[in-house]
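This report concerns only the one structure given below.
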Amino acid sequence: IVRETGGLKDTVQPYNEFEGTGTGFTFANYNAHEMMHAVRYAEQVYYDDKKAWNKMVERAMKADFSWKVSAGKYQEMYDWLIG
């Protein structure tokens, strides 16, 4: 459960029950109401839909947080800059 800001927004994809996507639960604004909503939604999925929860956990564990993709993008940018 993360607030959609900075690196957290880039690394945690919001859970979408209709598409079966996402790696966690997010909230946009810095307030207790939105955070509590995200916590309760996560709790609901955890207790009421274990299959969806386990698939989300599996997606999160398979996510690639290495520098492989980022390093390639930096290299492309540097190559473009030096012409």
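Here our numbering is used: the first residue of the sequence shown is 435, the next is one more, and so on.
Glycine included, every Cβ here is placed at the ideal spot set by N, Cα and C.
Span of the alpha helix (DSSP H), counted from its first residue to its last, around residue i
i, result
"Y480", "466-482"
"D513", "502-516"
DSSP state of residue i mapped onto helix, strand, coil
i, result
"V436", "strand"
"N463", "coil"
"T445", "helix"
Top-ranked residue by Cα proximity to residue i, from the options
i, options, result
"N465", "K484, A476, E438, N450", "E438"
"Y449", "M490, H471, V436, M511", "M490"
"D483", "D498, K507, W514, G454", "G454"
Beta-carbon contacts of residue i that lie in its chain and below 7 angstroms, excluding the five residues immediately before and after
i, result
"H471", "F461"
"A494", "T457, G458"
"T445", "F499"
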